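Protein chains: 2
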Amino acid sequence: MEGNPAPEAFPSETLREIASALWQKDPLAAQLYGPCEGLPELRRDLREYLRRDYGLHREDDDLIIVSGAQQGIELACSVLANAGDTVLCEAPTYADVLHTFALHGLKVVAVEVEEDGISLEGLAKALKEHEVRFLYLIPTFQNPTSHTMSLAKRKAVYDLVREHDTIIVEDDPYSALRFRGESLPSLKALDEDGRVLYIGTFSKILSPGFRVGYVCGDSYLLERMALAKLYNDVHSSVPAQIIAHSFLTAPGFQAHLEFARCIYRQKCDLMLETMDRLLAGRLAYTRPEGGFFIWCELPAGSDLPELTKALARANLAIAPGNVFSLDPAAPQRTFRLSFSRPSAAQIVRGIEILAEVMTTLGM
Amino acid sequence: MEGNPAPEAFPSETLREIASALWQKDPLAAQLYGPCEGLPELRRDLREYLRRDYGLHREDDDLIIVSGAQQGIELACSVLANAGDTVLCEAPTYADVLHTFALHGLKVVAVEVEEDGISLEGLAKALKEHEVRFLYLIPTFQNPTSHTMSLAKRKAVYDLVREHDTIIVEDDPYSALRFRGESLPSLKALDEDGRVLYIGTFSKILSPGFRVGYVCGDSYLLERMALAKLYNDVHSSVPAQIIAHSFLTAPGFQAHLEFARCIYRQKCDLMLETMDRLLAGRLAYTRPEGGFFIWCELPAGSDLPELTKALARANLAIAPGNVFSLDPAAPQRTFRLSFSRPSAAQIVRGIEILAEVMTTLGM
């Protein structure tokens, strides 16, 4: 259920150079035990990158390296909540996080995501009715909807969270891959009190296989997360951290991001054009400005399970809304398409299959 | 508190070759998301290695890759026990595991380790008095004592555990580094019912910085561990797994193990000879057949905290028994020396400092 990046958007040539340099120059550096909170040079240069490119400059904040964004969420659960506590997330939300919450014995309140982000009325009500340990939010190119929270809502959400004195875990895997429109400040960039834990990752821009992510947040919370990490996996794999650091500080880093954005824009546009051509008026879908997903909604009365099954027989996988829902058995009319991983030919063929199958089903 | 391997025992030249081959041949393989349970070829060849060299041939067993042995312990806690449950370990034991237990809210019963392994009387009593979810044991070159459980005790421990229908988590980081004496079967090798989870690691023979370990055990338990891992860090770093696999299957693998054993034997012998020369009769110490540690005991009435402080002033770190104890405040006369990481000159100088400081303190 993770978003699978496009292999052709990986910086394979740069990686080859970086990796051979690593093993020629100082193989020992990659072999010894490393510090639990991550390699100092990677932490320093990530802080600088987030300060420069993302406006994260809160002075009492620190940054630790984690084994992918998923581990950031896992450690946040360990440190911020106990079994039986309540947490809040968007509905729908990233599927795997619901399992992480369940494994920690957490109760979950889900608040509807609208086109401009989580419903403010829903959020205000939920925060009044429940003692929420933390909010798990994906404000930018949300998974699965690709909706992005407006600046006004970002400010209002932060104010509400402050009023109820709770914490935000902001998951931000996709904002470096904005391929259209204006960048918005992250919730972390609005954070004055140290109540936002910002989770970033190299998975979408370098390689998911490396498992290198990071958490930026208040030093006090991060110290506790680092301790939980020490007794979890000691530290993240050192060669992967060294390569991530070389990548981040390589002269071609910004150019690579631009290259990756260009690839995802082309793929997204190709999928949207094909949908406009073959599916216009037959279902509603988002027009994302970044990320990996297009979120679709069938007309009222449509049978999503029937469509999903028929598509599976035609060898086309879609992710039905059910997997992103707290109640997977509740009927849904929404589903997620990913344009990131398939090739151009697969994108066109996939939408053709979707249109053909829908026609066969009278949709 | 992990055992730090000797940098000169790392296969640096082999690693350099393996790593450059990886990036020349198929960089993409290292970049994509991998399977949660680990790379199939690494799992297959580790199973074969454990079958051939360690006699682990139980048919219903499986093997998953974890991000270092510590994660194996963490996942075992997640899957085998709930907060408030009781687990059992050796006294003294590996310090970090006590923190992992505490973070999971587990109660801990500790049973004395004797020279030939955990006390059978103590174990029988503890299993009678407590409902123990699992036993955490390091039967071979135990950390910190370097004691090794005799074959007779291994059989008796397994029988007791079977009688009480509980589970063993066997941590075995050091048995590949036996540099003297006869190998003994692991508890896992005696396991007929699938009640032993065997945790192994590449940290002591390849590199701790990579974070690649493995758990071999009953398929049913491993499926649950893999699921907990999925929601923890998705999978272990792929480049590290590919390199571990190339190392395991390289023609020089056995020769490298032999080379590493030779280094640790020489270092251990040098430390023991220097201790025999300068400290004979002034404290008791073990003569290990493998692993990284020598366990020392001061005579009755000795002031260990005073010695530790005086040694720290002389820039020599020892690990006092307190850090391996459930009750760190209880007075101890034992401490752990590591011969693995320091150079030959540092080993000799370290023991000289120990002897000088003890003389100064009238010990």
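These protein sequences, in sequence, are chains A and B.
Everything in the first sequence is counted per numbering that gives the first Met the number 0, starting at 0 for the first residue and increasing by one.
Everything in the second sequence is counted per numbering that gives the first Met the number 0, starting at 0 for the first residue and increasing by one.
For every residue, glycine included, the Cβ atom is placed at its ideal position computed from N, Cα and C.
As the structure is a computational prediction, the values presented were derived from the model and not from experiment.
Query raised in the report: Who does E89 of chain A pair with in a DSSP beta bridge?
Result: Your numbering for residue 89 of chain A matches position 90 in the first sequence. For E89 of chain A, which the question treats as bridged, DSSP gives the partners A:V110.
Requested in this report: Specify whether the segment 254 to 262 of chain B and the segment 220 to 232 of chain B touch according to this definition: at least 3 beta carbon pairs, one from each stretch, less than 8 angstroms apart.
Outcome: no
Query - Cut-off 7 angstroms between Cβ atoms - residues of its own chain near L79 of chain A, not counting five sequence neighbours on either side - result: Working through the first sequence from its first residue, we reach residue 79 of chain A at position 80. For L79 of chain A, where only same-chain residues beyond five positions count, the Cβ hits under 7 angstroms are R132, F133 and I166.
Requested in this report: Could you tell me the boundaries of the beta strand (DSSP E) in which T359 of chain B lies?
Outcome: Within the second sequence, numbered from 1, the residue matching residue 359 of chain B stands at position 360. No beta strand (DSSP E) holds T359 of chain B; the alpha helix (DSSP H) holding it covers A343 to T359.
Query raised in the report: Since W294 of chain A sits in a beta bridge, which residues does DSSP pair it with?
Result: As a first step, residue 294 of chain A must be located in the first sequence, where it is residue number 295. Answer by DSSP bridge pairing, in chain order: A:R335.
Query raised in the report: Under a Cβ-count criterion, where at least 16 other Cβ atoms within 10 Å of its own Cβ denotes burial, should A151 of chain B be classed as buried or exposed?
Result: The residue given as residue 151 of chain B occupies position 152 in the second sequence. Flag for A151 of chain B reads exposed.
Query raised in the report: Which same chain residues, not among the five before or five after R332 of chain B, have their C-beta less than 6 angstroms away from its C-beta?
Result: Walking along the second sequence from the start, residue 332 of chain B turns up at place 333. E296, L297, S301 and L303, listed in sequence order.
Query - Per DSSP, the bridge partner or partners of Y157 of chain B - result: Position 158 of the second sequence, counted from the start, is the residue given in the question as residue 157 of chain B. Its beta-bridge partners do not exist; DSSP assigns none.
**Report entry** Residue burial classification, L205 of chain A (beta-carbon count within 10 angstroms, cutoff 16)
**Finding:** By one-based count along the first sequence, residue 205 of chain A stands at place 206. So L205 of chain A ends up on the buried side.
Report task. Pair every Cβ in the segment 76 to 92 of chain B with every Cβ in the segment 103 to 110 of chain B, then say whether three or more of these pairs are closer than 8 angstroms. Result -> yes
**Report entry** Inter-residue Cα distance where the pair is T144 of chain B and R312 of chain A
**Finding:** On the second sequence, position 145 is the one that residue 144 of chain B refers to. On the first sequence, position 313 is the one that residue 312 of chain A refers to. If you take the alpha carbons of T144 of chain B and R312 of chain A, they lie about 60 angstroms apart.
Requested in this report: Output yes if chain A places a C-beta closer than 8 angstroms to the C-beta of E73 of chain B; else output no.
Outcome: As a first step, residue 73 of chain B is located in the second sequence; it is residue number 74 there, counting from the start. Yes - at least one Cβ of chain A is within 8 angstroms of the one on E73 of chain B.
**Report entry** Integer Cβ distance of T285 of chain A from H146 of chain A, believed to fall under 8 angstroms
**Finding:** If you number the first sequence from 1, residue 285 of chain A lands on position 286. If you number the first sequence from 1, residue 146 of chain A lands on position 147. Confirmed, about 7 angstroms.
Requested in this report: For E33 of chain B, count neighbouring C-beta atoms within 10 Å of its own C-beta (all shown protein chains included) and say buried if the count is 16 or more, exposed if not.
Outcome: Counting from 1 along the second sequence, the entry for residue 33 of chain B is found at position 34. Looking at the sequence provided, one finds Gly at residue 33 of chain B rather than Glu. When all chains shown are included, G33 of chain B counts as buried.
Query raised in the report: Are any of the Cβ atoms in chain B nearer than 8 angstroms to that of H163 of chain A?
Result: If you number the first sequence from 1, residue 163 of chain A lands on position 164. H163 of chain A does not count as touching chain B.
Report task. Tell me whether E169 of chain A sits in a helix, a strand or coil according to DSSP, three-state version. Result -> Your numbering for residue 169 of chain A matches position 170 in the first sequence. Correct three-state label for E169 of chain A: strand.
Report task. Report yes if the CB atom of F375 of chain A is closer than 8 angstroms to the CB atom of G289 of chain A, and no otherwise. Result -> Missing from the structure shown is residue 375 of chain A; chain A here goes from 0 to 362 and no further.
Query raised in the report: Among residues of its own chain, excluding the 5 on either side of L278 of chain A, which ones have a beta-carbon nearer than 6 angstroms to its beta-carbon?
Result: Taking the first residue of the first sequence as 1, we reach residue 278 of chain A at position 279. Around L278 of chain A: A354.
Query raised in the report: Are P207 of chain B and L14 of chain A touching if we call contact CB-CB under 8 angstroms?
Result: In the second sequence, residue 207 of chain B corresponds to position 208, counting from 1. In the first sequence, residue 14 of chain A corresponds to position 15, counting from 1. No, Cβ-Cβ distance for P207 of chain B and L14 of chain A is not below 8 angstroms.
Query raised in the report: Closest to G138 of chain A by CA distance: which of A:S185, A:L269 and A:T359 is it?
Result: In the first sequence, counting from the first residue as 1, residue 138 of chain A sits at position 139. It should be pointed out that residue 138 of chain A corresponds to Pro in this sequence rather than to Gly. The shortest Cα separation from P138 of chain A among A:S185, A:L269 and A:T359 belongs to A:S185.
Query raised in the report: L282 of chain B by DSSP, collapsed to three states: which one?
Result: For the purposes of this step, residue 282 of chain B is taken as residue 283 along the second sequence, with counting starting at 1. The answer is coil: DSSP assigns L282 of chain B none of H, G, I, E or B.
Requested in this report: Give the straight-line distance between the Cα atoms of L97 of chain B and E89 of chain B, rounded to the nearest whole angstrom.
Outcome: Residue 97 of chain B sits at position 98 when you count from the first residue of the second sequence. Residue 89 of chain B sits at position 90 when you count from the first residue of the second sequence. Going by the C-alpha atoms only, they are around 11 angstroms apart.
Requested in this report: Give the single residue among A:P330, A:G280 and A:S245 whose Cα lies nearest to the Cα of L38 of chain A.
Outcome: Taking the first residue of the first sequence as position 1, residue 38 of chain A is located at position 39. With distances taken between Cα atoms, L38 of chain A lies closest to A:S245.
Requested in this report: Look at the alpha carbon of E191 of chain B and the alpha carbon of A155 of chain B, and state the distance between them as a whole number of angstroms.
Outcome: By 1-based counting over the second sequence, the position of residue 191 of chain B is 192. By 1-based counting over the second sequence, the position of residue 155 of chain B is 156. Cα to Cα, E191 of chain B sits roughly 14 angstroms from A155 of chain B.
Report task. Can you check DSSP and say which residues form a bridge with A318 of chain A? Result -> Along the first sequence, one-based indexing puts residue 318 of chain A at 319. DSSP output for A318 of chain A lists A:R335 as bridge partner(s).
Query raised in the report: What is the residue span of the beta strand (DSSP E) that R194 of chain A lies within?
Result: Taking the first residue of the first sequence as 1, we reach residue 194 of chain A at position 195. Unbroken run through R194 of chain A: none, as it is neither H nor E.
Report task. Would you mind telling me which residues of chain B sit closer than 8 angstroms to A29 of chain A, beta carbon to beta carbon, in chain order? Result -> Here residue 29 of chain A is taken as the residue at index 30 of the first sequence, counted from 1. Chain B residues near A29 of chain A: S206, G208 and F209.
Report task. Go ahead and pull the three-state DSSP assignment for L220 of chain B. Result -> Within the second sequence, the letter at position 221 stands for residue 220 of chain B. It is helical.
Report task. Identify, in the order they occur along the chain, each residue of the same chain with its Cβ nearer than 6 angstroms to the Cβ of M224 of chain A, setting aside the five sequence neighbours on each side. Result -> Start at 1 with the first residue of the first sequence, and residue 224 of chain A comes out as number 225. Hits under 6 angstroms: L74 and V78.
Query raised in the report: Would DSSP call Y48 of chain A helix, strand or coil?
Result: Numbered from its first residue, the first sequence carries residue 48 of chain A at position 49. Helix at Y48 of chain A.
Requested in this report: Kindly indicate if chain A contains any beta-carbon less than 8 angstroms away from that of A225 of chain B.
Outcome: The count along the second sequence starts at 1 and reaches residue 225 of chain B at position 226. Chain A, which has no Cβ nearer than 8 angstroms to the Cβ of A225 of chain B, makes this no.
Query raised in the report: Can you pull the DSSP bridge partners for D60 of chain B?
Result: Your numbering for residue 60 of chain B matches position 61 in the second sequence. In the DSSP output, where bridge partners are listed per residue, D60 of chain B has B:D217.
Query - Range of the contiguous beta strand (DSSP E) that encloses V233 of chain B - result: Numbered from 1 along the second sequence, position 234 holds the residue referred to as residue 233 of chain B. No beta strand (DSSP E) holds V233 of chain B; DSSP gives it neither H nor E.
Report task. Examine chain A for any beta-carbon lying closer than 8 angstroms to the beta-carbon of T99 of chain B, and answer yes or no. Result -> Residue mapping note: residue 99 of chain B aligns to position 100 of the second sequence, counting from 1. So yes, T99 of chain B belongs to the interface.
Query raised in the report: Taking Cβ to Cβ, would you say D95 of chain B is nearer than 8 angstroms to Y230 of chain A?
Result: As a first step, residue 95 of chain B is located in the second sequence; it is residue number 96 there, counting from the start. As a first step, residue 230 of chain A is located in the first sequence; it is residue number 231 there, counting from the start. In contact: D95 of chain B and Y230 of chain A (Cβ atoms closer than 8 angstroms).
**Report entry** contact_flag[the segment 321 to 341 of chain A, the segment 110 to 119 of chain A] where n(CB pairs < 8 angstroms) is 3 or more
**Finding:** no
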